[in-house]
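The block underneath contains the structure these notes are about, expressed in structure tokens.
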Amino acid sequence: VQWMCGAGRQTAAGYVQMLQQASLMTEGPRLCGNSWVFQQDNAAVHNARLTKDFFRENNITLLDHPACSPDLNPIENIWGWMILIRSVHMLTFLL
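Those letters in the sequence shown? Residues 1 to 95, by full-length UniProt numbering.
Following this line, the structure appears as structure tokens:
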């Protein structure tokens with residue numbers, strides 16, 4: 001898993017460059033065997049023609065995943081827990 005930090009919006013060219021620097025074509029098979037797949041959500045840079053061409057040209061199999069899925073974004077679950085805990089504490093305080 002690789003997280004990106006930086007100012008501004010991600011571009012397809014920047015995303016493809018990050019994928020190339022991550023050496024997906026060699027590290028994927030080395031770490032996971034020849035039947036490995038790459039997972040990403042439906043962010044705009046993931047669906048850009050340049051990105052799709054990169055995966056197709058390098059024979060990388062994709063496992064699609066819905067955008068904003070809590071499975072890929074665990075912070076969404078944490079926000080839900082925080083709201084629940086806050087609600088319980090507020091109710092207790094009012095009683």
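From the three backbone atoms N, C-alpha and C, an ideal C-beta is built for every residue, glycine too.
Since the structure is predicted, the reported quantities are computational estimates derived from the model, not experimental observations.
Beta-carbon separation of D37 and L19 under 7 Å? Taking the sequence shown and counting its residues from 1, one reaches residue 37 at position 37. Taking the sequence shown and counting its residues from 1, one reaches residue 19 at position 19. Here residue 37 is Val; the residue named in the question, Asp, does not match the sequence. No, they are not a contact pair.
Give me the Cα-Cα distance between N34 and Q10, rounded to the nearest whole angstrom. For the purposes of this step, residue 34 is taken as the residue at position 34 of the sequence shown. For the purposes of this step, residue 10 is taken as the residue at position 10 of the sequence shown. The straight-line gap from Cα to Cα measures roughly 29 Å.
Candidates N58, W79, A13, of which the one nearest L50 by Cα: What you label residue 50 is simply residue 50 of the sequence shown in a count that begins at 1. When only C-alpha atoms are compared, the closest one is A13.
Reference Q17, options C32, D53, R86, I78, closest by Cα: As a first step, residue 17 must be located in the sequence shown, where it is residue number 17. For Q17, the nearest C-alpha among the options comes from D53.
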